[in-house]
Amino acid sequence: MSEQNHDVMIEVEDLTKTYGSYTAVDHLNFSLMRGEVVGFLGPNGAGKTTTMRMLTGYMPPTAGSAYIMGHHTVDDSMAARQRLGYLPETVPLYPEMSVEKYLHFVGELRRVPDLWNRIDEVLQEVDLLDRAESFISSLSKGMRQRVGLAQALLHDPDVLILDEPTIGLDPRQIVEIRELITALGKKRTVLLSTHILAEVEQICNRVIMIINGRIWADMTMHDIQQADNMVSIRLAAPDEQTAVSLRQVAGVSGVQSGVNGRFDLNVDGRDETRMAVAETAVNHGWGLLELTQTKASLENIFLNKLREAETSTISQPIDTEEEE
Numbered sequence: 147m148s149e150q151n152h153d154v155m156i157e158v159e160d161l162t163k164t165y166g167s168y169t170a171v172d173h174l175n176f177s178l179m180r181g182e183v184v185g186f187l188g189p190n191g192a193g194k195t196t197t198m199r200m201l202t203g204y205m206p207p208t209a210g211s212a213y214i215m216g217h218h219t220v221d222d223s224m225a226a227r228q229r230l231g232y233l234p235e236t237v238p239l240y241p242e243m244s245v246e247k248y249l250h251f252v253g254e255l256r257r258v259p260d261l262w263n264r265i266d267e268v269l270q271e272v273d274l275l276d277r278a279e280s281f282i283s284s285l286s287k288g289m290r291q292r293v294g295l296a297q298a299l300l301h302d303p304d305v306l307i308l309d310e311p312t313i314g315l316d317p318r319q320i321v322e323i324r325e326l327i328t329a330l331g332k333k334r335t336v337l338l339s340t341h342i343l344a345e346v347e348q349i350c351n352r353v354i355m356i357i358n359g360r361i362w363a364d365m366t367m368h369d370i371q372q373a374d375n376m377v378s379i380r381l382a383a384p385d386e387q388t389a390v391s392l393r394q395v396a397g398v399s400g401v402q403s404g405v406n407g408r409f410d411l412n413v414d415g416r417d418e419t420r421m422a423v424a425e426t427a428v429n430h431g432w433g434l435l436e437l438t439q440t441k442a443s444l445e446n447i448f449l450n451k452l453r454e455a456e457t458s459t460i461s462q463p464i465d466t467e468e469e470e
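This note's numbering puts the sequence shown at residues 147 to 470.
Here's what the structure looks like:
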């Protein structure tokens, strides 16, 4: 790692994880700055959970390095863990314990000072103060997730790593947990793993898209709002040179071939560009059956990246028990 920048909270350099001949995480490079709330977005099996386990020190990388506030997650793992809070997809709770006794147990393991006062503070932060003496077995799944967040916050970390924090919750619980994460993100740097687009749009100010173990996009939400529009066309008789010809139209920055004569184009917002696309189809005799334009959104950018990944030669990650 280069000279430490105290505003860099997470830094990842060529992070790689392989299982035999399969590559689950493939040379990831990214960093998170102080105060960012970043969505780590990808389909199931993309390598999200593998990456998070390496960031939190629970799994060593095959190659590359990760740092939490300048501390290497393998060589200086204790210092790195002291600075981050981790909410795994499945929180290791003890149903026979009360909420406060569970947090006291966790806090003693972490040697949290002034522990009982700190337990009161985090229970208030996650809105569970009135359930402190309740047995965990009596709590709803949404409340158990709050207990999981409480244990992640107990040692007052500057960085939170949350793996699919709303999975399995009902709609009301999802809204409540998202609101809680939004509040937590005002004081901490958050990396949020999810495959839910709405989660990223509502909580995050930046998104990193990971597909097949590789980063396919790293954009702020402002970047997405300013991104090119999409034009979809369907042609009756496209030929082998259709995509090449469409790329040559002024204002078209990208073309993806679909099925049944469909092509998706990244275009600027000018009406002239859309008209030029239509004229190109007519002039080549392709038979224009349909032309639709949609404004750039996280959804169409993500789907576009998925299509790009499907047509690439990237090897698929191995199916393991933690393939998120």
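Note that the Cβ used here is the ideal one computed from N, Cα and C, for glycine as well.
If you're wondering where the values come from, they're calculated on a predicted model, not measured in any experiment.
May I ask you to list the residues that DSSP assigns as paired with residue i?
{"i": "I379", "result": "F409 and L437"}
{"i": "Q402", "result": "D410"}
{"i": "D364", "result": "I354"}
{"i": "L174", "result": "L161"}
{"i": "S339", "result": "F186 and D309"}
Classify residue i as buried or exposed, calling it buried when 16 or more other Cβ atoms lie within 10 Å of its own Cβ.
{"i": "V220", "result": "exposed"}
{"i": "Q291", "result": "buried"}
{"i": "M155", "result": "buried"}
{"i": "G185", "result": "buried"}
{"i": "P303", "result": "buried"}
{"i": "R199", "result": "buried"}
{"i": "V428", "result": "exposed"}
{"i": "T457", "result": "exposed"}
{"i": "A212", "result": "buried"}
{"i": "S339", "result": "buried"}
{"i": "T419", "result": "buried"}
Suppose the cutoff is 6 Å on Cβ atoms and the five residues either side in sequence are ignored; what does the same chain contact list for residue i look like?
{"i": "E235", "result": "D309 and E310"}
{"i": "R227", "result": "G203"}
{"i": "I327", "result": "I349"}
{"i": "V268", "result": "A296, L299 and L300"}
{"i": "R256", "result": "H301"}
For residue i, which residues of its own chain have a beta-carbon under 7 Å away from its beta-carbon, when the five flanking residues on both sides are left out?
{"i": "G188", "result": "K194, H341, M355, I356 and I357"}
{"i": "S167", "result": "none"}
{"i": "K287", "result": "G314, L315 and Q319"}
Given residue i, which residues of its chain have a CB within under 8 Å of its CB, disregarding the five upstream and five downstream residues?
{"i": "E454", "result": "W362 and Q402"}
{"i": "L337", "result": "I156, L178, V184, F186, M198, L201, V305, L306, I307 and L308"}
{"i": "V423", "result": "V377, I379, L392, V395, V398, L411, V413 and L437"}
{"i": "E182", "result": "M155, T335, V336, N351 and R352"}
Under 6 Å: does the beta carbon of residue i sit that close to some heavy atom of the ligand HEM?
{"i": "L230", "result": "With respect to small molecules bound, the structure shown includes none, and the ligand HEM cannot be examined in it."}
Give a yes or no on whether the minimum CB-CB distance between residue i and chain B is below 7 Å.
{"i": "R420", "result": "No chain B is present in this structure, which holds just one protein chain."}
Contact between the segment 242-257 and the segment 163-181 (3+ Cβ pairs under 8 Å): no
Using a Cβ distance threshold of 8 Å, determine whether the segment 379-389 contacts the segment 399-410, with at least three qualifying pairs required. Judged by Cβ distances under 8 Å, the segment 379-389 makes contact with the segment 399-410, as three or more pairs qualify.
Taking 8 Å as the cut-off, does the segment 257-276 touch the segment 206-213 (at least 3 CB pairs, one atom from each stretch)? Cβ pair count under 8 Å is below three, so no.
Going along the chain, which unbroken runs of the beta strand (DSSP E) with 3 or more residues stay wholly within the segment 176-256? The qualifying runs are 183-187, 209-214 and 230-233.
When the Cβ atoms of the segment 424-434 are set against those of the segment 390-401, are three or more pairs found closer than 8 Å? yes
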